[in-house]
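Enquirer: Here it is, the structure, as structure tokens.
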Amino acid sequence: MFGETAAHINQRKRIHQKHQPFPHPNPKIRLLDNVVSVVSLVLPLTAIPQLLKIWQTQDASGISILTWSLWLILGFPMLAYGIVHKTKPFTIMYALWTIIETAVILSALKFS
160 MFGETAAHIN QRKRIHQKHQ PFPHPNPKIR LLDNVVSVVS LVLPLTAIPQ LLKIWQTQDA
220 SGISILTWSL WLILGFPMLA YGIVHKTKPF TIMYALWTII ETAVILSALK FS
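Numbering (my numbering), first residue to last: 160 to 271.
What follows is the structure, given as structure tokens:
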């Protein structure tokens with residue numbers, strides 16, 4: 160795990176020394192950039208049905224507050240990483256996850 164982190168840091172250093180153009184001239188990389196941008200918005204929204212179910216039934220008996228709390232806590236370093244490295248899709252995704260996870264936890268506490 161440490162080796163992966165060090166490799167990622169070195170890769171980021173190399174990228175910053177020679178900036179990649181945006182949008183990228185390679186159509187495959189540009190497509191990937193666009194897909195990641197869409198996924199960063201859509202992925203956190205996949206938890207909304209869970210939230211709606213809790214609100215509609217006013218029952219959170221099947222919800223693990225511990226699991227959702229751990230996802231929330233472990234998401235903070237990911238959000239900070241996105242902010243520090245100015246990675247917009249990453250930042251948006253984890254900011255949305257933070258909102259959704261907080262809403263699920265609060266709803267589960269209210270209706271359990």
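C-beta atoms are modelled at their ideal positions from N, C-alpha and C, and glycine is treated no differently.
My output table needs one value for residue 219: the three-state DSSP class, helix, strand or coil.
Expert: Position 60 of the sequence shown, counting from 1, holds the residue named residue 219. Here residue 219 sits in coil by DSSP.
Enquirer: Give me the residue from 257, 266, 249 with the minimum Cα distance to residue 192.
Expert: Position 33 of the sequence shown, counting from 1, holds the residue named residue 192. Among 257, 266, 249, the Cα nearest to that of residue 192 belongs to 249.
Enquirer: To which residues of the same chain is residue 195 closer than 7 Å at the C-beta, ignoring the five residues directly before and after it?
Expert: What you label residue 195 is simply residue 36 of the sequence shown in a count that begins at 1. Same-chain partners within the cutoff: 248.
Enquirer: How far does the alpha helix (DSSP H) with residue 236 in it reach, from first residue to last?
Expert: Numbered from its first residue, the sequence shown carries residue 236 at position 77. Taken as a continuous stretch (DSSP letters only), the alpha helix (DSSP H) holding residue 236 covers 224 to 243.
Enquirer: Give me, in chain order, the residues of the same chain whose beta-carbon lies closer than 7 Å to that of residue 262; leave out the 5 immediate sequence neighbours on both sides.
Expert: For this step, residue 262 is matched to residue 103 along the sequence shown. Cβ within range, chain order: 210.
Enquirer: How many Å lie between residue 206 and residue 233 at the Cα?
Expert: The count along the sequence shown starts at 1 and reaches residue 206 at position 47. The count along the sequence shown starts at 1 and reaches residue 233 at position 74. Distance between the alpha carbons of residue 206 and residue 233 is about 17 Å.
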